[in-house]
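Chemist: Pasting a structure here, questions to come.
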Amino acid sequence: MMMLKNNMARLLWGGAILFVIAFSACNPDESVADSMSGIGASIANLTFSPPAGTYTGTQNVTLASSTAGVFIKYTIDGSDPSFINGTLYTGPIGVSSTRTVKAKAFKSGLTDSPVAAASYTIIVSNVDYAIQSPVFPTNGIASGAINGSFTVQNIGSQNGAQTITWTLTGSWSEIPIATGTLSPLNSSATSGTVNFSGNWPATPGVYSLTLNITASDEPGGDGNIASSGNVPVSTPDYIITIPTASYNVGSGNIEGFFQIQNQSTYNGAADVTYIVVVDDKTIIASGTLAGGLTGGSSSSIINFSTSQASGVHSISISISASDDGDATNNSWTSGIINVL
C-alpha cells in the first residue's frame, strides 16, 4: 500500500542550515535524493577560466554559469561534487599544483548541471628574480628630475627564459614614471646596472616611488618590489640679502656686494644664476651657483665694481633658478647713485 512520507534532510553547510523537504509517495525503505533536481530546464554547463591546460605558477581558476542564481560545488580531490560533497564556490580557486577541478551547479526547480571538469598541469618555476641595490632619491624638487638605479639577480636554481619587465611608479599617479625590459637571467646571474629617470609632480608634498619587476616564468615574491619610502618633494626659495651699492670717492667706482640665500628649508638642485646691471642696460657682473643651495643656507658674499661716467646711475641685481618656488622676490634695485 502506497503511503505519503515526509522526509527531511538537515544539512549543515558553511555555517548555515539548509533544510530540504522531499515529499514522495513511496515505500518506507526509499531514500531521499541529495540533489536539488527539479523537473524544469537544465542549468547551463559551467565554464572555467583559465581553461584547462599547462601553466607556469599558481593559477586562480574562476567558475561561471550563464544560468543566474545558481550555487556551485567543486572538488579538487578527484571525487565528483554533489549537493552534499565538495566545497561551496565563493571565489577564484588557487591551483598551485597539477590537479583536476570538478564542479557542478544547483538551483531549485532546475535540473542540476552535469559535472564539469578541467585538468591543470602546473609547472613549478624555480626562476626567482630579485631587485638588488636599488638607489632611490631621498628628497626631490617639485617638477624636478628623478634619478636612480638598480640591478636584478636570479636567485633561483633555474635559468630564466622569458623577458623581465620593470616598472617605476609614483604614489601620485597610476601612470608609470618609467618602464623597460631586461633579457632573461641564468641562475645566480645579475643584470648590469639599470638607470631610471623621470620627474616629480609640480605640487610639493611627500611622495614615494615603487619599483616592480615581472617575468612570465617567475611566480613572483618579496624580491620583486622595492620602495623608496617617503620622499619629501618641495621647492627652494631664493632671495637676495644684504644688497649694497654706492659710489666710492677713493676709487671713483660704483661698488657693492650681496648674498643669495635659500630661505626655504628645502634643498635646491638646479643652478642659481645672478646678473648685476647698471642703469638697466649694461651687465657688470654675472655668475652661477652650481647645484643651488641647501635649505636655510647662503652663498658667500658676491662683490661687484664698475666705473661709470659722472652723473646719476642705479644698480639692479636679479637671480633665477629653475626650481625656485617663488620668483617674486628675485630682484633688487638700488636708489640713485651720484657719480662725481
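Position 196 (the sequence shown) corresponds to 214 in my numbering; numbering is contiguous.
All C-beta atoms in this analysis are idealised placements derived from N, C-alpha and C, irrespective of residue type, glycine included.
1. Nearest-angstrom Cα distance between Ile302 and Thr262?
2. Excluding five sequence neighbours on each side, which residues of the same chain lie with their C-beta closer than 6 Å to the C-beta of Ile257?
3. With DSSP collapsed to three states, give me the class of Gly109.
4. Find the nearest neighbour of Val79 within the set Gly112, Phe101 and Val249, judged by alpha-carbon distance.
5. Are the beta-carbon atoms of Asn165 and Pro155 separated by less than 8 Å?
6. Excluding the 5 residues preceding and the 5 following Asp289 in the sequence, name in chain order all residues of the same chain whose CB lies nearer than 6 Å to its CB.
7. When we look at the beta-carbon of Pro68 and count the other beta-carbons within 10 Å, is it buried (16 or more) or exposed?
8. Measure the alpha-carbon distance for Ser137 versus Tyr225 and round it to whole angstroms.
9. For Ser246, which residues in the same chain have their Cβ closer than 6 Å to its Cβ, ignoring the five residues on either side in sequence?
10. With C-beta atoms as the reference, is Asn242 less than 8 Å away from Ser205?
11. Okay, do the stretch 124 to 131 and the stretch 181 to 188 touch, 3+ Cβ pairs below 8 Å being the bar?
12. According to DSSP, is Asn266 part of a helix, a strand, or is it coil?
13. For Thr267, count the other beta carbons within 10 Å of its own beta carbon; 16 or more makes it buried, fewer makes it exposed. Which is it?
14. How would you call Val212, buried or exposed, if buried means at least 16 neighbouring beta carbons within 10 angstroms?
15. Taking the alpha-carbon positions, what's the Ser352 to Ser325 distance?
16. With a cut-off of 8 Å on the beta carbons, I'd call Val145 and Gly104 a contact; round off their distance for me.
17. Can the beta-carbon of Thr108 be found closer than 8 Å to that of Pro99?
Modeler: Looking at the atomic coordinates:
1. Along the sequence shown, read from residue 1 onward, the residue named residue 302 stands at position 284. Along the sequence shown, read from residue 1 onward, the residue named residue 262 stands at position 244. Annotation: Ile302 to Thr262 spans about 15 Å, alpha carbon to alpha carbon.
2. Within the sequence shown, the letter at position 239 stands for residue 257. A distance below 6 Å between beta-carbons, with the five flanking residues on each side excluded, links Ile257 to the following residues of its chain, in chain order: Gln279, Gln281 and Asn347.
3. Position 91 of the sequence shown, counted from the first residue, corresponds to residue 109. Residue state for Gly109 is assigned as coil, using DSSP reduced to three classes.
4. Taking the first residue of the sequence shown as position 1, residue 79 is located at position 61. It is Gly112.
5. By 1-based counting over the sequence shown, the position of residue 165 is 147. By 1-based counting over the sequence shown, the position of residue 155 is 137. Closer than 8 Å, so yes.
6. Translated into the one-based positions of the sequence shown, residue 289 becomes position 271. Excluding sequence neighbours, Asp289 sits near Thr306 and Ala308.
7. Here residue 68 refers to the residue found at position 50 when the sequence shown is read from its first residue. Exposed.
8. Walking along the sequence shown from the start, residue 137 turns up at place 119. Walking along the sequence shown from the start, residue 225 turns up at place 207. Their backbone Cα atoms lie some 46 Å apart in a straight line.
9. In the sequence shown, the residue the question calls residue 246 occupies position 228. Apart from sequence neighbours up to five positions away, the residues of its chain that approach Ser246 with a beta-carbon distance below 6 Å are Phe154, Ser226 and Leu227, ordered along the chain.
10. Reading the sequence shown from its first residue, position 224 is the one you call residue 242. Reading the sequence shown from its first residue, position 187 is the one you call residue 205. No; because the gap between Cβ atoms is not below 8 Å, this pair is not in contact.
11. Too few Cβ pairs lie closer than 8 Å, so no.
12. Numbered from its first residue, the sequence shown carries residue 266 at position 248. Collapsing the DSSP output to three states places Asn266 in a strand.
13. Against the sequence shown, residue 267 aligns to sequence position 249. It should be pointed out that residue 267 corresponds to Val in this sequence rather than to Thr. Result: exposed.
14. Along the sequence shown, read from residue 1 onward, the residue named residue 212 stands at position 194. Buried, because 16 or more other Cβ atoms sit within 10 Å of the Cβ of Val212.
15. Reading the sequence shown from its first residue, position 334 is the one you call residue 352. Reading the sequence shown from its first residue, position 307 is the one you call residue 325. About 16 Å.
16. Taking the first residue of the sequence shown as position 1, residue 145 is located at position 127. Taking the first residue of the sequence shown as position 1, residue 104 is located at position 86. A Cβ-Cβ separation of about 34 Å leaves Val145 out of contact with Gly104 under the 8 Å criterion.
17. Here residue 108 is taken as the residue at index 90 of the sequence shown, counted from 1. Here residue 99 is taken as the residue at index 81 of the sequence shown, counted from 1. Not a contact, by the Cβ cut-off of 8 Å.
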